[in-house]
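Enquirer:
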Amino acid sequence: MTMPAATLRAALTTAVAVSILAASAAGHDAEAQSPLEAIESTEKGELKNPHSGDAGAAEEGHKLYMAAGCNGCHGGTGGGGMGPPLSNQVWVYGDDDDTLFRLITLGSDDLQAAGYRRIGTEAVVGPMPHAKDIVKSADDMWKIVTWIKSLHEN
Ligand code: HEC
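According to mature numbering (1 follows the signal peptide of the UniProt record, and there is no 0), the stretch in the sequence shown is residues -25 to -1, 1 to 129, in order.
#1: Measuring alpha carbon to alpha carbon, tell me which residue in Leu22, Ile14 and His37 is nearest Thr52.
#2: Looking only at its chain, what residues have a beta carbon closer than 7 Å to the beta carbon of His105, apart from the 5 residues adjacent to it on each side?
#3: Can you tell which of Gly31, Met116, Asn46 and Glu34 has its C-alpha closest to the C-alpha of Ala7?
#4: Under 7 Å: does the beta carbon of Gly51 sit that close to some heavy atom of the ligand HEC?
#5: For Arg77, verify whether its CB is less than 7 Å away from any heavy atom of the ligand HEC.
#6: Is Glu12 near the ligand HEC, going by C-beta to nearest heavy atom under 7 Å?
#7: Helix, strand or coil for His37? Go by DSSP, reduced to three states.
#8: Whole angstroms are fine: how far does the CA of His127 sit from the CA of residue 139?
#9: So, do the segment 94 to 104 and the segment 17 to 24 have three or more beta carbon pairs nearer to each other than 8 Å?
#10: Measuring alpha carbon to alpha carbon, tell me which residue in Leu39, Pro60, Ile109 and Thr121 is nearest Leu11.
#11: With respect to 7 Å, is the separation between the Cβ of Pro25 and the closest non-hydrogen atom of the ligand HEC below this value?
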């Protein structure tokens, strides 16, 4: 006995619709999680950069860095200005991905309120504003971190 064509078509349509919904829900979660949500849902020290070492992501990260206005304080190539250089070997709170992600998202005051201390001293010492309202997704934030790390690859 064969399945009537109409029943088969209905079953297929439902299956396709369900898989499209599932795919867009998954994509939504991965891409639209905000930097703050990523921080709030992850233990200190456990944030992992999905783009680590990816040159293409670093290039996108540089565009996002410019678009977010980070260059106003850190310079277009990260050499510093009103803010400390990102391209030198001194790191105020540390150079691991987790710390950089939290610093940029929260800004230095909230980072310190979360228990972080200055461990390195740059020539410029001052508060860094938070970027949680400027950089919309955790994914974009990771690309910015990837670009900053790429300044240190050579
Ligand atoms: C108004 C100026 C200003 C803006 C805009 C700004 N920063 Fe900063 N940034 C600072 C200052 C000042 C510090 C040092 C903070 C401290 O000493 O606690 C800093 C520190 C940093 C550090 C750590 C540097 C080190 O040597 O350890 C990183 C990374 C960084 N900023 C990235 C960014 C990114 C990415 C953006 C854009 C989303 C940004 N900053 C926007 C002023 C700024």
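Cβ coordinates follow ideal geometry from the N, Cα and C atoms, glycine included. This structure is a prediction, so every number in the text was calculated from the model and none was measured.
Expert: The relevant details are as follows:
#1: It is His37 whose Cα lies nearest to the Cα of Thr52.
#2: Excluding positions up to five away in sequence, the list reads Thr80, Leu81, Gly82 and Asp85.
#3: When each option's Cα is compared against that of Ala7, the closest is Met116.
#4: For Gly51, the shortest separation between its Cβ and any heavy atom of the ligand HEC does not lie below 7 Å.
#5: Arg77 has its CB no nearer than 7 Å to any heavy atom of the ligand HEC.
#6: It does not: the Cβ of Glu12 is nowhere closer than 7 Å to a heavy atom of the ligand HEC.
#7: In the structure shown, His37 sits in a helix (DSSP, three-state: H, G or I).
#8: Residue 139 cannot be examined here, being either before or after the span of the chain that is shown, -25 to 129.
#9: Contact check between the segment 94 to 104 and the segment 17 to 24: fewer than three CB pairs, one atom from each, fall below 8 Å, which does not count as touching.
#10: Of the residues Leu39, Pro60, Ile109 and Thr121, the one whose Cα lies closest to the Cα of Leu11 is Ile109.
#11: No, the Cβ of Pro25 stays beyond 7 Å of every heavy atom of the ligand HEC.
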